[in-house]
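Undergrad: For reference, each letter of the sequence shown is one residue, going 13 to 279 in our numbering. First the structure, then my questions, so here it is.
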Amino acid sequence: MKKLFIVLICVGMVAGIGIGGFMMLQTLGQEQGQEQTRQEQKQPKYSTRESVFADANPSLSEAEVKKRVAMNLDQEPYTSAAEVKDPDSITVLVNQYNTLPSDYMPEDLDVVVQDEQGVIALRKEAADAYRALEAEAKENQVDLRIMTAFIPYDSIQASYEELKKAHGEAAVDASFSRPGSSEYQTGLSADIQIGEGENAQQNIAQNEQYAWLLDRLPAHGFIVRYPEDKAVYTQMNGQPWHIRYVGKDAAQAMTKDGLCLEEYALR
Ligand SMILES: [Zn+2]
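Written out as structure tokens, the structure is:
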């Protein structure tokens, strides 16, 4: 009876260890499996450029790495620029990585202002949209003025060289586009101000009527091209006075989703 008891205990122990061990192994296996899946999910599928950029910018999320590389932000500005395929497109993206041919000239320029200081012109569709915006502004006692619009390549080049001499390349690149990368050549961009006065343009965002203007821009097909909070994508300092015509659909979509043109172009 004693022997049988011992045998039973031994059988019980063996069975116990066996079952316990099996369960432990099973749990371990499951955990390893889960760990593996987790790592597979975590491991970003990067291209070579994305990998290099991710290593250099460890704080960026996978989505952000892919987004910035898609914008070519892993490349030095102006070093790997490609000519835009459709310079006449209303939503054309012109920047440090996407350039206009030096001989590009819009064919449908339309004079918006002509005075003793010269001519201010935009492409027809943008000019019509600007006139409608300005008329609506006047109705609302907002003294909106257009100061600069289309500039041909050669003049942009001359200004760029002059500014570079005066302020140095880095300072100029932060707020002035190099020839070929300048939106002024598209005939879709304008610098505006409210009222007159020396700093009316520079300080437009502090004007109490600027909020009205911001609110009405998208309905007329315009966006603020270089918002301060998008400088990481535009690589330009904030320019609240620089508006760009992209058409009503794009302007409203970009405003609704909080996108700058660089982000919109990735869609
Ligand atoms: Zn401007």
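Backbone N, C-alpha and C fix where the C-beta goes; we use that ideal spot for every residue, glycine too. Bear in mind the structure is a predicted one, so any value in this text is a computation, not a measurement.
Could you check where the beta strand (DSSP E) with D127 kicks off and where it finishes?
TA: L121 to D127 is the span of the beta strand (DSSP E), which, as asked, contains D127.
Undergrad: State the Cα-Cα distance for the pair P113 and Q214, rounded to the nearest angstrom.
TA: Taking the straight line from one Cα to the other gives about 30 Å.
Undergrad: Could you check if K268 is buried or exposed, using at least 16 other CB atoms within 10 Å of its CB as the buried criterion?
TA: K268 comes out exposed.
Undergrad: Under three-state DSSP, which class holds R80?
TA: Helix.
Undergrad: So which residues put a beta carbon under 6 Å from any heavy atom of ligand 1, going in chain order?
TA: Every residue passing the under-6 Å Cβ criterion appears here: D203, Q251 and H254.
Undergrad: With A202 and T160 assumed to form a contact (beta carbons below 8 Å), what rounded beta-carbon distance in angstroms separates them?
TA: About 7 Å separates the two Cβ atoms, so the contact holds.
Undergrad: Please go through the stretch 160-246 and give each complete beta strand (DSSP E) segment of 3 or more residues, from N-terminal end onward.
TA: Complete beta strand (DSSP E) runs here, min 3: 201-206 and 234-238.
Undergrad: I'd like the span of the beta strand (DSSP E) that includes R109, first residue to last.
TA: In the sequence as displayed, the identity of residue 109 is Tyr instead of Arg. Premise fails: Y109 is in no beta strand (DSSP E) and is neither H nor E.
Undergrad: Suppose you measure from the CA of A212 to the CA of I204; what does that come to, to the nearest Å?
TA: Cα-Cα distance, rounded: 9 Å.
Undergrad: Could you pull the start and end residues of the beta strand (DSSP E) that R143 belongs to?
TA: Premise fails: R143 lies in the alpha helix (DSSP H), K136 to E151, not in any beta strand (DSSP E).
Undergrad: Suppose you measure from the CA of R143 to the CA of A133; what does that come to, to the nearest Å?
TA: Taking the straight line joining both Cα atoms gives about 11 Å.
Undergrad: Please classify G233: is it buried, with 16 or more other beta-carbons within 10 angstroms of its beta-carbon, or exposed?
TA: Its Cβ being crowded by 16 or more others within 10 Å, G233 is buried.
Undergrad: In whole angstroms, what is the alpha-carbon distance linking Q162 and I102?
TA: The residue asked about is misnamed: residue 162 is Phe in this sequence, not Gln. About 14 Å.
Undergrad: Whole angstroms is fine: what's the gap from Q153's alpha carbon to V131's?
TA: One C-alpha to the other measures close to 25 Å.
Undergrad: Is the beta carbon of L273 less than 8 Å from the beta carbon of M83?
TA: Going by C-beta atoms, L273 is not nearer than 8 Å to M83.
Undergrad: Tell me the rounded alpha-carbon separation between R135 and H254.
TA: Those two C-alpha atoms are separated by around 16 Å.
Undergrad: From the DSSP output, read off the bridge partner residues of L156.
TA: In DSSP, L156 forms a bridge with I206.
Undergrad: Per DSSP, which residues does A133 bridge with? Please list them.
TA: DSSP output for A133 lists V123 as bridge partner(s).
Undergrad: So, helix, strand or coil for A11, using DSSP?
TA: Residue coverage of the chain in this structure runs from 13 to 279, which leaves residue 11 outside it and unanswerable.
Undergrad: So, with DSSP's three-state summary, where would you put L271?
TA: If DSSP states are grouped into helix, strand and coil, L271 belongs with coil.
Undergrad: Let me know the secondary structure DSSP gives I255 once reduced to three states.
TA: Here I255 sits in strand by DSSP.
Undergrad: Specify whether the stretch 106-125 and the stretch 185-195 touch according to this definition: at least 3 beta carbon pairs, one from each stretch, less than 8 Å apart.
TA: The stretch 106-125, when compared against the stretch 185-195, does touch it at the 8 Å Cβ threshold.
Undergrad: My output table needs one value for Y58: the three-state DSSP class, helix, strand or coil.
TA: Coil at Y58, not helix or strand.
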